[in-house]
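Take a look at the structure below.
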Amino acid sequence: MEATTVLAAMHGSIATVGYGLAAIGPAIGIGIVVGKTIEGVARQPELAGRLQVLMWIGIAFTEALAFIGIATGFIFGF
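Counting along the sequence shown from 1, when you hit position 72 you're at 72 in the UniProt record's numbering, and nothing is skipped either side.
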């Protein structure tokens with residue numbers, strides 16, 4: 001099979017693959033944020049409420065990256 005035949009057989013939107021790759025970063029980021037919050041609460045339980053608020057703010061900012069990724073897919077995909 002030649003390279004041109006393989007390239008001709010590939011079709012569809014690359015935006016789908018792009019969003020899949022863009023979703024990996026926020027997923028790793030949320031995992032780190034939650035993990036570090038659990039570590040912090042384990043070390044200083046009296047700060048649990050304050051750390052939880054900061055965790056939710058961090059998750060919101062990290063999820064913004066996923067929304068930017070999906071918006072970029074819609075903008076450049078069509």
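Even glycine gets a Cβ: it sits at the ideal position worked out from N, Cα and C.
Rounded to whole angstroms, the Cβ separation of I30 and T72 is 19 Å, and the two are not in contact under 8 Å. It is roughly 17 Å from the alpha-carbon of R43 to the alpha-carbon of V53.
Here P26 has T62, E63, L65, A66 as same chain residues with Cβ atoms under 7 Å from its own Cβ, once five neighbours each way along the sequence are excluded. With contacts defined as CB atoms closer than 8 Å, G58 and A22 fail to qualify as a contacting pair.
Our two residues, E39 and I24, have alpha carbons roughly 23 Å apart in a direct line.
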